[in-house]
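Below is one structure; the comments refer to it alone.
4 protein chains.
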Amino acid sequence: MSKPRLGIAMIGYAFMGRVHSQAWRSVNRFFDLPAEVDKTVLCGRSEVALKEAAATLGWAETATDWRALLERDDIDVIDICTPGSSHAEIAVAALEAGKHVLCEKPLANTLAEAEAMTAAADAARGRGVRSMVGFNYRRVPALAFARQLIADGRLGTIRHVRAHYLQDWIVDPDFPLVWRLRKEVAGSGALGDIGAHIADLAQYLVDDHITEVTALMETFVRERPLAGESSGLSASAGGAATGEVTVDDAALFLARFGGGAIGTFEATRFATGRKNAMGLEINGARGSIAFDFESMNELWFHDHTLDPAEAGARRILVTEETHPYLAAWWPPGHVLGYEHTFTHEMRDFVEAVATGVDPRPSFADGLQVQRVLDAVETSAAEGRWQAVER
Amino acid sequence: MSKPRLGIAMIGYAFMGRVHSQAWRSVNRFFDLPAEVDKTVLCGRSEVALKEAAATLGWAETATDWRALLERDDIDVIDICTPGSSHAEIAVAALEAGKHVLCEKPLANTLAEAEAMTAAADAARGRGVRSMVGFNYRRVPALAFARQLIADGRLGTIRHVRAHYLQDWIVDPDFPLVWRLRKEVAGSGALGDIGAHIADLAQYLVDDHITEVTALMETFVRERPLAGESSGLSASAGGAATGEVTVDDAALFLARFGGGAIGTFEATRFATGRKNAMGLEINGARGSIAFDFESMNELWFHDHTLDPAEAGARRILVTEETHPYLAAWWPPGHVLGYEHTFTHEMRDFVEAVATGVDPRPSFADGLQVQRVLDAVETSAAEGRWQAVER
Amino acid sequence: MSKPRLGIAMIGYAFMGRVHSQAWRSVNRFFDLPAEVDKTVLCGRSEVALKEAAATLGWAETATDWRALLERDDIDVIDICTPGSSHAEIAVAALEAGKHVLCEKPLANTLAEAEAMTAAADAARGRGVRSMVGFNYRRVPALAFARQLIADGRLGTIRHVRAHYLQDWIVDPDFPLVWRLRKEVAGSGALGDIGAHIADLAQYLVDDHITEVTALMETFVRERPLAGESSGLSASAGGAATGEVTVDDAALFLARFGGGAIGTFEATRFATGRKNAMGLEINGARGSIAFDFESMNELWFHDHTLDPAEAGARRILVTEETHPYLAAWWPPGHVLGYEHTFTHEMRDFVEAVATGVDPRPSFADGLQVQRVLDAVETSAAEGRWQAVER
Amino acid sequence: MSKPRLGIAMIGYAFMGRVHSQAWRSVNRFFDLPAEVDKTVLCGRSEVALKEAAATLGWAETATDWRALLERDDIDVIDICTPGSSHAEIAVAALEAGKHVLCEKPLANTLAEAEAMTAAADAARGRGVRSMVGFNYRRVPALAFARQLIADGRLGTIRHVRAHYLQDWIVDPDFPLVWRLRKEVAGSGALGDIGAHIADLAQYLVDDHITEVTALMETFVRERPLAGESSGLSASAGGAATGEVTVDDAALFLARFGGGAIGTFEATRFATGRKNAMGLEINGARGSIAFDFESMNELWFHDHTLDPAEAGARRILVTEETHPYLAAWWPPGHVLGYEHTFTHEMRDFVEAVATGVDPRPSFADGLQVQRVLDAVETSAAEGRWQAVER
């Protein structure tokens, strides 16, 4: 009568690890799912810090060798929260070992790695092994609802996608050279870190693919102090020595979609005053939606089929129990926060794993986003439009 | 074939005189009306300043004796832009002389004066002489449209009226004792100057009367430097001498309406950071509207009959040609400003006069507002609910 | 070396019980506190539902007799999440038994009960037993930060407090007669449920007391279908029978504060389109703040000491690590939600208990709010200003 | 002692002619200028419509031959409000005839024409003949103030310019083929009509030049009914026949500025729900500004030099008397509208002409914008970055 249990092993315990922990901790408390999760093992490199993190974040055990986890029967899921440079190696091995994999975005730092991961995911699928890439913003209720509206034809033919992801945490030239600013670890800068989210979301929301892009990438501050301590997106300098910033501070691109829509994408860490302004405006022949994550409980919807005298963008507070995911939470107007997007992600992942269906976004979806980002880099380097590989 | 002409004589040329001048100047240029106005005479006390004002504001002649104007055949309309203390004398005489009267609000400084003016207006009506009180905010297109929505039943039974008029121009205790802060000239402070507008608008929008009130009036700064020069709402001190502020800085009241709605009214000149925040939110069983003059081209409308998942306050940009007054102006989104409310007022006044119908708000409407304000003063003085005289 | 543990017994597991559970679950995961909490016992009346709730919400044990809990050594804290009618009995007994008490607001349904609870809290304090009333909105980071700004003198002398708490969940006359609409259980309607929050917050933010009020209370829909199932603020009708609504649908009052400020308070469940719009605007001589819970991560601050050409209400996204409570959470712009206010409440409560200081808001604070509400009811009934008992 | 007079002849009396008329009518009434304007002649092709327009718009005379005007001594200024295809011919002739010229934007439909006009303006300058192109949005007080802030270094090094001009008046595929949709008259579509404004404004605000662009242009609806009657931006179809749309519905481009900033520009007539959303966000190392014309009285300014806990975009209501142009108008909070931008334009033009200085934007400024637009068209056609000619 009791539910099957899913043992989770999470690798990495920095920013993403903290928020994943809260999501794993909460998911069965709010959602009635076919399986119950156990926060079985927290895995990392530094034993001391790891023990402390496991205690704080509430994991039963710790481990420093992720490969050993793949042999344990009490581990069903590998949750990859490490920087992008290690995603491929871990994910491929885990899938081959028959572990379901939830992998943070971006899927990988290189296209080759992403392709290998997707191939591994495809092979594993045949053995009932599931995989998903963690584009958590798909699980913002307002965006999940936006997708419904668009799928229901409420926006009509899509004409424009205007997407931005604006932050300002490195505007200060004395902000240190953290790992997110080093290409060998992070793969790219604003492009892969935040541009990946809007590339994914835009395509997800309008259910269409970006086919070609023209792009511009810029690094405004090219030399920074070496990093000392860091946590989340904050950090302190480690001394007087400096190093080269090897990723983009900002990446802009124009896009064409397969269905005829056009788009503008802006990812930057230099939009002074913007903290986590991930937003989209989508214009269709019958209506428009607009969203900004800093006001994540709101979706703006303009219904162009109304009498023009009465039409206007309406602020839907996406906290009704009929909105996606909301029946699990609080009464209308009692708003949700950032971490809930991860709880929703775990909800969908657990349900998919427990019921034997493939969760989305799949590794193939993650690969497709990587291909968009790759086309952006090529276009920026070569100064011309670049088609996105299919 | 040419249109009849209406000769206007305007008394007073301060803030209200300037904006009325622009409205008289513009009204026939944008609206196709049955009469054409002439800015015939500007009337005031100080001959030198008057000549300069007439040249600047574009009036054909000047006069220092308003009584003499009443005998001139080329004057059809007396436009009263003086402080409230002189409204009754001028208006009554003008009406008796057969001149149409447009009188700035508040109608008068005392109830007795307002009653005399209303009686004069009633008597004059029989002789085809028209009168109107200048509650210009009724002619904000967004509010005129709000009234239509409410009249059409789109809000259902009205439950709440939440009205505020917030300014901050006298927050500084060194701001001088201008005429608007002296009871003998202004009648009252925030109450009559700005509270009158929201008392009028609230009743106008919901087409109902306030029947009783409980109120609070406060003067935060009771002594101020005597005034030197002033214009509009700005002024400079005239020296070291001070005088007593004899009007209210803020007036708050709760109200009951005849139809069962309840209301909150806030008029203050001490809402730091608010410049001309005249706003209303009206909640009914089927919907709500909200408005704030600082964003005067927007009306927010919540249609509660929609599916809750899709409902939300929508921002209607009231610049469509089907919106009240808008066919005369610019394409959608090319917004209007404060002065246009007066051009619309003159439009309605000229049309009423030329076609022989009574314009609204009538002097009786102005008197009714005075009665509300009087009940507020009584309630505040006596510390209990006070019925509004009918 | 391990931390002391606090055993929690929570009574009630409806809306408040669910959110308290999440807060108890999370508090040690994000805050480094001198004690660790155990979710030891969930207590309620219906054994079956209770077991299910305990499993869902993650409590170790269940109990149906709250009195028995008072004798257990492994229970340190009684967390009261029941309707107001049972608060006094439980809280007084718990305090007498030496248990720390966290009691949901309103403190009690009657002044006499609130006084008895406060007396019990005062007596218990001498024995090192702590008590706190759960006005969670004090722990909205934006409001905690607003209090800092005001305490630092950034607003100068306070002139106005404009507070509202607007909901619309019972606008539909067919919404059933849930317990919150029955005086014998809920004590009052909008007044005690939501008006209590703004009465507390207003006084807390400006650090002053309301001394007198004039009020209006209204019940728009006086008869409703009897209730069937309900959860949170949603419910379904239980059949054709109807019953009388014995509480207020809306309560409005004007107030005077000891320090000279004036205030407007509006609590209603009939503000169509408003879901949980708990907001305050506070105007002082040097600046203003504004807040609305539906955008709970934002505080608007107008600094009136700036050059007027540059001044304006600024939207502070209260997600910086230097903001109250925020160092525990996510990077800037990664917003928090409703439930976090409870996690912060538990954080402050646990710290106070573990370090032997009295947490705020105390039962005396809760009693003072009840006295304000009592004055409101008296004023509304008698049609005159009513002083608040000290 | 009386002021010199400037005789104005305006050519064209459609949308632009109407708003120019109101500006000429108002400019001396609000601004104390060294010359007084006369609305001497209205010039157009259709005699009947012209007479009616002159009466409505308040011009003293009419004329159907603009060349004849160039010989009249009582005409000092030629104000060109015709479609772009006739700008060059009229402007060059007028300048050669010694008439000051105010020419609506875009300066011309082709680069060759714009170059000829600029050459004529340069030649005329030596003879004391002035010329200006009518980018009215430079005279939005909020934008003039933004330029001051940026010039004063308040934004520091500029990093990003995010500009958009969004309309929706041709979303309906049945909207007819008006002149603005025909290349031979309009030159281009969204690009020249509205994109020109943001290209000009962006460069004006940051006082820098766009040096290269990569662009995308799209026509979503390629066939439309032939046009019947039209006015402003509204029109009705003239029958069943259709014709080809020969201009762009939307034009997007990325840009690099000489000083290192990067930019995004979006001009579209298909942003459903946006009426006249001309907006810019500019991010610098020390701060940011944001603006949208639909709320034209507001400028958002984020001062990044403040303590992060207190920083945030502040809404400056640009209606203080110390703001550009505002001393002439109403008290704070009494907002301005679209037409005032033209009154300000005429103010600056008249002052420049009367005092013998060159007004800005000059024809050279207009030409530079044309060069940007030309680079956009080339880039869009050739699928690569295109440098802007200097």
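Going down the list, the protein sequences come from chains A, B, C and D.
Note that the numbering used here has the first sequence beginning at 13, numbered continuously upward.
Note that the numbering used here has the second sequence beginning at 13, numbered continuously upward.
Note that the numbering used here has the third sequence beginning at 13, numbered continuously upward.
Note that the numbering used here has the fourth sequence beginning at 13, numbered continuously upward.
Idealized CB from N, CA, C, for every residue including glycine.
Residue burial is scored here from C-beta neighbours: residue 160(B) has fewer than 16 other C-beta atoms within 10 angstroms and is therefore classed as exposed. DSSP assignment within the region 50-112 of chain A yields the following whole beta strand (DSSP E) runs of 3 residues or more, N-terminal first: 73-75 and 89-92. The beta-carbon separation of residue 167(D) and residue 324(D), rounded to 16 angstroms, does not stay under the 8 angstroms limit for a contact. At a C-beta separation below 7 angstroms, residue 25(D) has no neighbours in chain B, since its nearest C-beta there lies roughly 12 angstroms away.
Taking a Cβ-Cβ threshold of 9 angstroms, the residues of chain A close to residue 300(D) are 180, 283, 284, 285 and 286, in chain order. At a C-beta separation below 8 angstroms, residue 262(A) has these neighbours in chain D: 171, 172 and 274.
Under the Cβ criterion of 8 angstroms, residue 390(C) is not counted among the residues facing chain B. Residue 369(A) counts as exposed, since fewer than 16 other beta carbons sit within 10 angstroms of its beta carbon.
Taken through DSSP and simplified to helix, strand or coil, residue 176(D) comes out as strand. Contact between residue 227(C) and residue 249(C) does not hold, since the beta-carbon distance rounds to 31 angstroms and is not under 8 angstroms. When the five nearest sequence neighbours on each side are left out, the beta carbons in the same chain lying within less than 8 angstroms of the beta carbon of residue 261(C) are those of 182, 201, 202, 230, 231, 232, 233, 280, 281 and 282, in order along the chain.
Residue pairing from DSSP places residue 290(D) in a beta bridge opposite 177(D). If you draw a straight line from the Cα of residue 316(C) to the Cα of residue 298(C), it comes to about 5 angstroms. When Cβ-Cβ separations below 8 angstroms define contact, residue 322(A) makes contact with chain B. Contact annotation: residue 87(C) and residue 53(C) have beta-carbon atoms nearer than 8 angstroms. Counting C-beta pairs closer than 8 angstroms gives fewer than three between the region 337-344 of chain A and the region 82-100 of chain A, which falls short of the contact rule.
The region 63-77 of chain C makes no contact with the region 381-392 of chain C, as fewer than three CB pairs between them are under 8 angstroms.
Assigned with DSSP and collapsed to three states, residue 127(D) falls in helix.
For the region 331-345 of chain A, the set of positions with a beta-carbon nearer than 7 angstroms to some beta-carbon of chain C reads 331, 333, 342, 343, 344 and 345 in chain order. In this structure residue 188(B) is buried. Its beta-carbon is surrounded by 16 or more other beta-carbon atoms within 10 angstroms.
Listed along chain D are 226, 227, 228, 264, 265 and 266, each with a C-beta nearer than 8 angstroms to that of residue 266(A). Contact of residue 292(C) with chain A is not assigned, every C-beta pair being separated by 8 angstroms or more. Neighbours of residue 325(C) across chain D, judged by C-beta separation under 8 angstroms: 326 and 327. When the five nearest sequence neighbours on each side are left out, the beta carbons in the same chain lying within less than 8 angstroms of the beta carbon of residue 247(B) are those of 187, 188, 190, 239, 240 and 241, in order along the chain.
Rounded to the nearest angstrom, the gap between the Cα atoms of residue 265(C) and residue 204(B) is 22 angstroms.
The alpha-carbon separation between residue 146(A) and residue 68(A) amounts to approximately 23 angstroms.
Within chain D, no C-beta atom comes less than 7 angstroms from the C-beta of residue 303(C); the nearest is roughly 13 angstroms away.
Close CB contacts of residue 361(A) within its chain, under the 7 angstroms cut and outside five residues either way in sequence, are with 114, 144 and 371 (chain order).
Taken through DSSP and simplified to helix, strand or coil, residue 248(D) comes out as strand. Here residue 116(A) is near residue 92(A), since their CB atoms are less than 8 angstroms apart. Contact of residue 191(A) with chain D is not assigned, every C-beta pair being separated by 8 angstroms or more. The contact set of residue 152(B) on chain D, defined by CB atoms closer than 7 angstroms, is empty, because the minimum CB distance reaches about 11 angstroms. Under DSSP, residue 19(A) shares a beta bridge with 50(A). For residue 162(B), the three-state secondary structure derived from DSSP is helix. Look at residue 167(C) here: in three-state DSSP terms it is coil, with no helix or strand label. With distances taken between CA atoms, residue 106(D) lies nearest to 81(D) out of 319(D), 118(D), 396(D) and 81(D).
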